[in-house]
Each structure stands twice: as structure tokens, then as C-alpha cells.
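Report on one structure; see the data block that follows.
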Amino acid sequence: MALTYSQIKSLQKGYKVTQTQEAINSGLCWQLEGSFGRFAMSCIDAGVCMLPKARKRDYYGNIIPSRSDLKKGTKGTFQYSCNFWQKVWDGDFEAIEYLEETFGRDEEEEVA
24 MALTYSQIKS LQKGYKVTQT QEAINSGLCW QLEGSFGRFA MSCIDAGVCM
74 LPKARKRDYY GNIIPSRSDL KKGTKGTFQY SCNFWQKVWD GDFEAIEYLE
124 ETFGRDEEEE VA
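Those letters in the sequence shown? Residues 24 to 135, per our numbering, in order.
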């Protein structure tokens with residue numbers, strides 16, 4: 024079963040990833056201090072977050088591609104993010120541990 028965008032958003036919310044994904048979607052993370060952009064890129068590299076639907080520009084005017092600019096299934100795409108979140112959905116210990124170490128988690132929040 025492939026996860027839907029809504030299911031991924033729900034999982035992101037449960038693992039406190041929403042603010043990072045929103046900063047990527049708006050382009051804000053590319054306008055701030057370098058550590059914010061590097062953190063966003065590490066989340067994209069892991070599949071925790073995906074690139075936005077529309078291209079953005081960084082502080083220096085460089086183009087940040089949209090997720091549809093990339094080859095399907097590569098880092099930054101919806102499909103790549105689906106692969107990561109499917110592991111979380113399936114209870115993969117390493118994926119969940121990565122999220123909890125990186126973002127923390129509310130014990131009382133129900134995921135999925």
C-alpha cells in the first residue's frame with residue numbers, strides 16, 4: 024500500500040516535522056542562517072521531508088528545484104518521502120528512532 028500525501032502529513036505532525044516541512048514549502052529555510060538550510064537538506068536526504076511543489080530561491084538567488092523537477096523516486100520527491108514514511112508506518116525501528124532523536128515525540132499523540 025502506498026501512503027497518501029495526507030497520511031504523510033499526519034505522520035509528520037505526529038513526529039513534529041510539520042514546521043520543518045512548512046519552512047521548506049515556503050522557502051524560508053533557504054533564506055535563514057546556513058544551519059537551517061543544512062538541517063532541511065538532511066531531512067530531505069533522509070526522506071523525512073520533500074521539496075515543495077514550486078521552485079524557490081535561496082538567499083543568494085540560486086534556484087531550489089520543486090519536487091516535480093526531479094526524477095521520480097529521487098531525494099526530494101514525494102515518492103522518496105513515501106519510502107521513508109512507509110517504514111515508519113510499518114514500525115521500522117531505525118526510521119522511528121531517527122525521527123525521535125531528531126524531532127522528539129509527544130507520547131500522548133496517536134500516529135496514524
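Ideal Cβ placement from N, Cα and C applies to all residues, glycine included. Just so it is clear, the structure is predicted and the values come from calculations on it, not from any experiment.
- Classified as buried, GLY70 has 16 or more neighbouring CB atoms from the shown chains inside 10 Å of its CB.
- The closest CA to that of ASP81, considering only GLU120, GLY37, CYS52 and GLN30, is found on CYS52.
- Excluding residues up to 5 positions away in sequence, MET73, LEU74, PRO75, LYS76, GLY99, THR100 and PHE101 lie with their Cβ nearer than 8 Å to the Cβ of ARG90 in the same chain.
- Unbroken alpha helix (DSSP H) stretches of 4 residues or longer found wholly inside the region 72-103: none.
- DSSP places TYR38 in the coil class of the three-state scheme, outside both helix and strand.
- In the same chain as ILE86, and ignoring 5 residues on each side of it, the C-beta atoms closer than 8 Å to its own belong to ARG78, LYS79 and ARG80, in chain order.
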